[in-house]
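I have placed the structure first, in the form of structure tokens, so that the comments after it can refer back to it.
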Amino acid sequence: MYTDPTRLRATDPGHVEGNPVFLYHEAFNLNREEVADLKGRYRRGAVGDVEVKQKLATALNTFLEPIRERRAHFAAKMGLVRDALAHGTDRARKAAQTTMALVHEALELGYLERFRGQ
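Below you can see the structure in the form of structure tokens.
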């Protein structure tokens, strides 16, 4: 992931505005004090890109951990997942059939049924 293309060395002052690493920090790092500290040090050239990215990786893993746990929980119970999908499919099918019956009626597409009735 690129950072600040104008920053050639870790000791060079950097730009955090528009920097993807800091955009991700803003979105996923819940430790606002750490983000503010990293931004200040980055602007002064007092922190390298490696440390900033490592802290981002830690923040992303912290953010993703509950999602990974939930996924593992459901992966261990695939029967439950299949049952939920089948139930949802049945409900959607019934709703779609009702809707399509209304569409056929509104567009008068039931002409064969009318002829058979005569």
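Position 68, counted from 1, in the sequence shown is what this note's numbering calls 258; the numbers after and before it change by one each time, with no gaps. Even for Gly, the Cβ is constructed at its ideal location relative to N, Cα and C.
Local Cβ density within 10 Å of residue i, reported as buried at 16 or more and exposed below that
{"i": "H277", "result": "exposed"}
{"i": "G204", "result": "buried"}
{"i": "F264", "result": "exposed"}
{"i": "V240", "result": "exposed"}
{"i": "F212", "result": "buried"}
{"i": "D194", "result": "buried"}
Residue i - DSSP class collapsed to helix/strand/coil
{"i": "M290", "result": "helix"}
{"i": "N157", "result": "Given a span of 191 to 308 for the chain in the structure shown, any question on residue 157 remains unanswerable."}
{"i": "F213", "result": "The amino acid at residue 213 is misidentified as Phe; the sequence shows Leu. In this structure, L213 counts as helix in the three-state DSSP scheme."}
{"i": "P256", "result": "helix"}
{"i": "K245", "result": "helix"}
{"i": "D194", "result": "coil"}
{"i": "A236", "result": "coil"}
Nearest-angstrom Cα separation, counted from residue j out to residue i
{"i": "H217", "j": "L246", "result": "Correcting the residue type first, residue 217 is Ala in the shown sequence and not His. Their backbone Cα atoms lie some 10 Å apart in a straight line."}
{"i": "H294", "j": "Q287", "result": "10 Å"}
{"i": "R197", "j": "N209", "result": "11 Å"}
{"i": "A262", "j": "T248", "result": "20 Å"}
{"i": "V225", "j": "L270", "result": "40 Å"}
{"i": "R283", "j": "I257", "result": "30 Å"}
{"i": "A296", "j": "A285", "result": "17 Å"}
{"i": "R306", "j": "L299", "result": "14 Å"}
{"i": "T289", "j": "L302", "result": "19 Å"}
Neighbourhood of residue i by C-beta distance below 6 Å, restricted to the same chain and skipping five residues each side
{"i": "R231", "result": "V237"}
{"i": "L250", "result": "F218"}
Beta-carbon proximity list for residue i, same chain, < 8 Å, skipping 5 on both sides
{"i": "N221", "result": "A249"}
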